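2 protein chains.
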Amino acid sequence: MTTSTKQSYERNDMKSESNNQSKTLLPEPTLRRLPWYLAYVSQLRRSGVETVSSTQIAKEICVDASQIAKDLSFVAIRGKTRIGYDVAELEKQLSDFLGFKQTHKAFMIGAGSLGGALIQDRGLMQYGLNIVAGFDIDEKVVGKTINGVPIFHIDEIKRQQALYGAKIAVLAVPVECAQQVTDRVIEAGLKAIWNFTPYRIKPNKEIVVQNTSIYAHLALMYNRMRE
Amino acid sequence: MTTSTKQSYERNDMKSESNNQSKTLLPEPTLRRLPWYLAYVSQLRRSGVETVSSTQIAKEICVDASQIAKDLSFVAIRGKTRIGYDVAELEKQLSDFLGFKQTHKAFMIGAGSLGGALIQDRGLMQYGLNIVAGFDIDEKVVGKTINGVPIFHIDEIKRQQALYGAKIAVLAVPVECAQQVTDRVIEAGLKAIWNFTPYRIKPNKEIVVQNTSIYAHLALMYNRMRE
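In order, the protein sequences belong to chains A and B. Counting in the working numbering, the first sequence runs from 226 upward without gaps. Counting in the working numbering, the second sequence runs from 226 upward without gaps.
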């Protein structure tokens, strides 16, 4: 584990955490803002708007116009003076850049309540995540399909990885087995874990970990509501 | 909109954003780490472990032991020298503090793919979020129930809010109507919005907004995988 990994662990789990950040070119705050711009320009395109200025985006998104121009220059997008950005072009470039146009094969690890729900969310597919199979140990779901996606026993993961070639594991297992399952997922050859558990998994290899603990967000919201 | 609101908008959406942060007593990074400690101590309790030191937690969670002791002191929890923390007590205090023991009534706004999936996630109930009703405009779901939860037309929201007294709106609608629906939700008297859309909603009143754009997290993961 490198120092940079260690540092990334000490940051909060609302941010991205990755075990190979040393080669990062794009600032993470930029990467976090790009999907907002995409959501806005997609909406403009659907409304028939053809061009947009960074000032307009700034007003809508509440980010400085100069910051927006800077962010978009990372994606090699430049606006024209007094005209602004071509909306359709900007949408395409952002979507490409963010990886939403490619299809990424993924395994759902844990096909219980949250895992089963995520398998049924068609939104993930729109953003390039194709869940091709699920894994569980519960005999009530193993051997069945959810939304057409086959659910295998976790013991099958290595064999299925060889067949499907999935690179991403979406982790939605109980907290108490999160680490053990992480080890198996890595051993099976997957390269990234999207961790929906509130558990801080510790990969034993250099893989990408993205923590998305929706329940931690709930705690933040409850706390703000009390104030 | 206050200056503090503006600032909160300019931060990233992986962090909490709230429109009434001026009274915040607890540092947000602390609030983000507490659910990690809770997940770990719950696991210890289930394994029959009775006491835990901050050094042990530090090793497990990859956060400095001194930071952990400081974080826990905000929750008014103190360990005993050479013994550490009582696991059961720590779990109870953390869970109480984070608001997971209380039940918070919520409306699901948008009962499509993601909204329908979230209604079916029993995990939310375990963390204190009780989705009592859903709202949509699609006649295929309006008038039906999902997992026992009735789905009403969005035009019904004000009347249903008066009946149910829900305070939280979970927003899972298409991007293009996110702002319009936000305005209606606030007008109906809800006090907090948990925004699952990638759209930067702008509330016209001082309410709590928690952004959880899971698709933005996907983009972060794809980017790290390419590196």
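In this text, a Cβ means the ideal position worked out from N, Cα and C, and glycines have one as well. Note that the coordinates shown come from a computational prediction; the quantities given were computed from them, not determined experimentally.
Hey, how far is the Cα of residue i from the Cα of residue j?
i	j	result
G340 (chain A)	D289 (chain A)	38 Å
K369 (chain A)	N372 (chain B)	20 Å
D380 (chain B)	Q404 (chain B)	16 Å
C402 (chain A)	T422 (chain A)	10 Å
A444 (chain B)	T306 (chain B)	45 Å
S338 (chain A)	T276 (chain A)	43 Å
I376 (chain A)	V366 (chain A)	7 Å
D279 (chain A)	A294 (chain A)	Note that residue 279 (chain A) is Ser in the sequence shown, not Asp. If I take the Cα positions, the gap works out to 6 Å.
G273 (chain A)	L263 (chain A)	15 Å
Q292 (chain A)	F299 (chain A)	11 Å
V433 (chain B)	A342 (chain B)	23 Å
N420 (chain A)	S438 (chain B)	14 Å
D321 (chain B)	R271 (chain A)	45 Å
V395 (chain B)	V410 (chain B)	10 Å
P428 (chain B)	A397 (chain B)	16 Å
Can you list, in chain order, the residues of its chain with a C-beta nearer than 7 Å to that of residue i? Leave out the 5 residues immediately preceding and following it.
i	result
K392 (chain B)	H329, K330, L415, K416 and A417
I302 (chain A)	Y310, L315 and Q318
L323 (chain A)	L259, P260 and L263
Within the continuous beta strand (DSSP E) that includes residue i, where are the two ends?
i	result
I334 (chain A)	H329 to I334
P375 (chain B)	V374 to H378
N429 (chain A)	Looking at the DSSP string, N429 (chain A) is not in any beta strand (DSSP E), and its letter there is neither H nor E.
V266 (chain B)	Taken as a continuous stretch (DSSP letters only), V266 (chain B) belongs to no beta strand (DSSP E), being part of the alpha helix (DSSP H) at E253 to R271.
A417 (chain A)	A417 to N420
I393 (chain B)	I393 to L396
V192 (chain B)	Given a span of 226 to 452 for chain B in the structure shown, any question on residue 192 (chain B) remains unanswerable.
First and last residue of the alpha helix (DSSP H) that includes residue i?
i	result
D361 (chain A)	Careful: D361 (chain A) lies outside any alpha helix (DSSP H), inside the beta strand (DSSP E) at L354 to D361.
A342 (chain B)	S338 to Q345
A413 (chain B)	Element bounds for A413 (chain B): n/a, residue is neither H nor E.
I293 (chain B)	A290 to F299
I382 (chain A)	I382 to Y389
L323 (chain A)	It is not in any alpha helix (DSSP H) - L323 (chain A) carries neither H nor E in the DSSP assignment.
I282 (chain A)	S279 to I286
A441 (chain B)	I439 to R451
Going along the chain, which residues of its own chain have a beta-carbon closer than 8 Å to the beta-carbon of residue i, five neighbours each way excluded?
i	result
V357 (chain A)	K330, A331, F332, V374, Y389 and A391
Y440 (chain A)	P423
I344 (chain B)	M333, A336, I356, G359, I371, N372 and V374
A387 (chain B)	G414
I286 (chain B)	R258, W261, Y262, Y265 and I293
Take residue i and list the residues in its own chain whose beta-carbon comes closer than 6 Å to its own, dropping the five residues that flank it on each side.
i	result
Y424 (chain A)	V400 and A403
V266 (chain B)	V312, L315 and E316
L354 (chain A)	H329 and A331
K248 (chain B)	Residue placement at K248 (chain B) is flagged as unreliable, the pLDDT there being 41, under the threshold of 50; a coordinate-derived value is accordingly withheld.
F325 (chain B)	Y352 and G353
K383 (chain B)	A413
Taking all protein chains shown into account, decide if residue i is buried (16 or more other Cβ within 10 angstroms of its Cβ) or exposed.
i	result
P455 (chain B)	Here chain B comprises residues numbered 226 to 452, so residue 455 (chain B) is not present and cannot be evaluated.
Q327 (chain A)	exposed
E412 (chain A)	exposed
Q268 (chain B)	buried
R449 (chain A)	buried
R385 (chain B)	Sequence inspection shows Gln at residue 385 (chain B); the Arg mentioned does not correspond to that position. By the neighbour-count rule (16 or more Cβ atoms within 10 Å), Q385 (chain B) is buried.
M446 (chain B)	buried
I308 (chain B)	exposed
D346 (chain A)	buried
Give, in chain order, every residue of the stretch 346-373 of chain A whose Cβ lies closer than 9 Å to some Cβ of chain B. D346, R347, G348, L349, Q351, Y352, G353 and L354
Residues of the stretch 418-434 of chain B with Cβ closer than 8 Å to any Cβ of chain A, in chain order: W419, T422, P423, Y424, R425, K427 and V433
Would you list, in chain order, the members of the stretch 320-332 of chain A that have their beta-carbon closer than 9 Å to a beta-carbon of chain B? F322, L323, G324, F325, Q327 and H329
Closer than 9 Å, Cβ to Cβ, to anything on chain A: give me those residues from the stretch 248-263 of chain B, in chain order. K248, T249, L250, L251, E253, P254, L256, R257, R258, L259, P260, W261 and L263
Got a sec: which bits of the stretch 433-452 of chain B sit with their beta carbon under 9 Å from any beta carbon on chain A, in order along the chain? V433, V434, Q435, N436, T437, S438, I439, Y440, A441, H442, L443, A444, L445, M446, Y447, N448, R449, M450, R451 and E452
Select from the stretch 276-300 of chain A all residues with a C-beta closer than 9 Å to any C-beta belonging to chain B, and list them in chain order. E285, I286, C287, V288, D289 and Q292
Residues in the stretch 395-409 of chain B having any Cβ partner in chain A nearer than 7 Å: V400 and E401
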